[in-house]
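Asks: Would you mind keeping the following structure in view while I ask a few things?
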Amino acid sequence: MRKDTLYITDLDGTLLNRQVEVTKTSACLLNECIKNGTGFTVATARTHATVEKILQDVNVNWPVILMNGALIYDLEKKEYVKIESIAPTLVEKLCGWMHQYGIYGFLYTVENNRMCTYYEKLATESMQKFYRERKEKYNKQFRQVRTLNEAADKNAVYISMNHQKEKLEPVFALIKQEPGLDATLYQDIYEENRWYLEVFSHKASKKNGASFLREYTGADTLIGFGDNLNDLSLFEACDITCAVENANATVKEQADYVIDSNEEDGVAKWIYESTQKNK
Numbered sequence: 162m163r164k165d166t167l168y169i170t171d172l173d174g175t176l177l178n179r180q181v182e183v184t185k186t187s188a189c190l191l192n193e194c195i196k197n198g199t200g201f202t203v204a205t206a207r208t209h210a211t212v213e214k215i216l217q218d219v220n221v222n223w224p225v226i227l228m229n230g231a232l233i234y235d236l237e238k239k240e241y242v243k244i245e246s247i248a249p250t251l252v253e254k255l256c257g258w259m260h261q262y263g264i265y266g267f268l269y270t271v272e273n274n275r276m277c278t279y280y281e282k283l284a285t286e287s288m289q290k291f292y293r294e295r296k297e298k299y300n301k302q303f304r305q306v307r308t309l310n311e312a313a314d315k316n317a318v319y320i321s322m323n324h325q326k327e328k329l330e331p332v333f334a335l336i337k338q339e340p341g342l343d344a345t346l347y348q349d350i351y352e353e354n355r356w357y358l359e360v361f362s363h364k365a366s367k368k369n370g371a372s373f374l375r376e377y378t379g380a381d382t383l384i385g386f387g388d389n390l391n392d393l394s395l396f397e398a399c400d401i402t403c404a405v406e407n408a409n410a411t412v413k414e415q416a417d418y419v420i421d422s423n424e425e426d427g428v429a430k431w432i433y434e435s436t437q438k439n440k
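Residue 162 is where the sequence shown starts when you use my numbering, and the numbers rise one by one after that.
The structure is reproduced here in structure tokens:
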């Protein structure tokens, strides 16, 4: 089924409100568009476990981009369409850098079409909060290991660290010099002093995920929505880009349009109004 235009939105801070929810208004507007043939999907740093619950009221009709482009996942078929893995030797090298700078994180693998999440210890309050929220709210499963190297050969796709920016920057600098790896460093929109460093294969990015979906869906035009620095990669693949009013200043500067905020159903309203004009 061909979609001439595919709308791709980030979730946190863009489609989702401060309660980390898709409002009833947004869900209704999006479902009306989708029912009439609009192509719609998301590009997020989240995993399918949280995305499935968050989007349970939206009839997403194309595979979603997960973990900043490391994975493409079909919500309806419950299977991965595309996986960009990290070589075991690179996982081991990254773990060495993390230990060198006293940083702990979560390592994600895809084993037999199932995601597994490994960690050594919940070293910070932010990690503990992340762990509790994912287990209690999304029933996510975690496995504790002595060292993340134990999971290096289990089809690793993503490593996520959250800490203060200055603590993460030395590791980020090393990653950017490693040809087989890529990473994004950005500020958490929910806690001002928390930053995320997320690491993936050099073949994975929101840009590459969106480019893959262009071919997969046959879309002529991609329209992207974002709010944070990791969405600039998505913007690179899109023909038209929109930043929500609450977006990072750099994101707004690079967007074609600045639309209503995530608290005002900005994404859903813009898509609805755009599709109405093109009828």
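Think of the CB as a built atom: it goes at the ideal place given N, C-alpha and C, for glycine as much as any other residue. Since we're looking at a predicted model, the values are computed, not measured.
Secondary structure at Glu425, three-state DSSP: helix, strand or coil?
Replies: Reduced to three states, the DSSP call for Glu425 is helix.
Asks: Can you list, in chain order, the residues of its chain whose CB lies under 7 angstroms from that of Gly370, leaving out five sequence neighbours each side?
Replies: Within the same chain, Gly370 has close Cβ partners Ala204, Ile226, Gly230, Ile233.
Asks: So, do the stretch 377-390 and the stretch 284-304 have three or more beta carbon pairs nearer to each other than 8 angstroms?
Replies: Not touching, per the Cβ criterion.
Asks: Given that a residue counts as buried once 16 or more other Cβ atoms are within 10 Å of its Cβ, and exposed if not, what is Val306?
Replies: It counts as exposed.
Asks: Taking the alpha carbon of Leu251 as the point to measure from, which residue in Ile320, Lys238, Tyr265, Phe267 has its own alpha carbon closest?
Replies: When each option's Cα is compared against that of Leu251, the closest is Ile320.
Asks: Between Thr166, Gln180, Leu167, Thr186, which lies nearest to Gly427 when the distance is taken from Cα to Cα?
Replies: It is Thr186 whose Cα lies nearest to the Cα of Gly427.
Asks: Using the Cβ count rule (16 or more neighbours within 10 Å means buried), how would you classify Gly257?
Replies: Exposed, since its Cβ has fewer than 16 Cβ neighbours within 10 Å.
Asks: Quick one: is Asn274 buried, meaning 16 or more other Cβ sit within 10 Å of its Cβ, or exposed?
Replies: So Asn274 ends up on the exposed side.
Asks: Does the count of Cβ pairs from the stretch 293-312 and the stretch 205-214 closer than 8 angstroms reach three?
Replies: A contact exists between the stretch 293-312 and the stretch 205-214.
Asks: Does the Cβ-Cβ distance between Asn423 and Asn409 come in under 8 angstroms?
Replies: No, the pair does not count as a contact, with Cβ atoms beyond the cut-off.
Asks: Taking the runs of the beta strand (DSSP E) that are 3 residues or longer, which of them lie wholly in the stretch 196-274?
Replies: Runs of the beta strand (DSSP E) inside the stretch 196-274: 200-203, 225-227, 232-235, 240-244, 267-272.
Asks: How far does the beta strand (DSSP E) with Tyr357 in it reach, from first residue to last?
Replies: Start and end: 356-362.
Asks: With burial defined as no fewer than 16 other Cβ atoms inside 10 Å of the residue's Cβ, what is the status of Gly266: buried or exposed?
Replies: So Gly266 counts as buried.
Asks: Excluding the 5 residues flanking Asp165 on each side, which residues of the same chain have their C-beta closer than 6 angstroms to its C-beta?
Replies: The answer, listed in chain order, is Asp381.
Asks: Runs of 4 residues minimum, wholly inside the stretch 387-421: which ones carry the alpha helix (DSSP H) assignment?
Replies: Correct list: 393-398, 410-415.
Asks: Let me check one thing: in DSSP terms, what residues is Tyr279 bridge-paired to?
Replies: Looking at the DSSP assignment, Tyr279 forms a beta bridge with Leu268, Arg304.
Asks: Counting beta carbon pairs with one atom in the stretch 239-247 and one in the stretch 172-179, are three or more of them shorter than 8 angstroms?
Replies: Taking 8 angstroms as the limit for Cβ pairs, the verdict is that the stretch 239-247 does not touch the stretch 172-179.
Asks: What is the residue span of the alpha helix (DSSP H) that Thr378 lies within?
Replies: Its alpha helix (DSSP H) spans residues 367-378.
Asks: Indicate whether Trp222 and Phe201 have their beta-carbon atoms separated by less than 8 angstroms.
Replies: For clarity, residue 222 is Asn in the given sequence; the question names Trp instead. Against a cut-off of 8 angstroms, the Cβ pair of Phe201 and Asn222 comes out as a contact.
Asks: Does DSSP put Gly174 in a helix, in a strand, or in coil?
Replies: Helix, per DSSP.
Asks: If you draw a straight line from the alpha carbon of His260 to that of Glu253, how long is it in whole angstroms?
Replies: So the two alpha carbons sit approximately 11 angstroms from each other.
Asks: If we call anything under 8 angstroms between Cβ atoms a contact, is Cys194 one with Thr411?
Replies: No, Cβ-Cβ distance for Cys194 and Thr411 is not below 8 angstroms.
Asks: Look at the Cβ atom of Asp343, then the Cβ atom of Ser372, and state whether they are nearer than 8 angstroms.
Replies: Not in contact: Asp343 and Ser372 (Cβ atoms no closer than 8 angstroms).
Asks: State buried or exposed for Arg207, treating a residue as buried only when at least 16 other CB atoms are found within 10 Å of its CB.
Replies: By the 10 Å Cβ count, Arg207 comes out buried.
Asks: Among Ala365, Gln325, Gln415, which one has its Cα closest to the Cα of Ile247?
Replies: It is Ala365 whose Cα lies nearest to the Cα of Ile247.
Asks: Counting along the chain, where does the beta strand (DSSP E) carrying Ala317 start and finish?
Replies: From DSSP, the beta strand (DSSP E) with Ala317 extends over 317-324.
Asks: Taking its Cβ as the centre, do 16 or more other Cβ atoms sit within 10 Å of Glu352, making it buried, or is it exposed?
Replies: Classification for Glu352: exposed.
Asks: For Tyr279, which option in Gly263, Tyr418, Lys315 has the closest C-alpha, if you only look at C-alpha atoms?
Replies: Ranking Gly263, Tyr418, Lys315 by Cα distance to Tyr279 puts Lys315 first.
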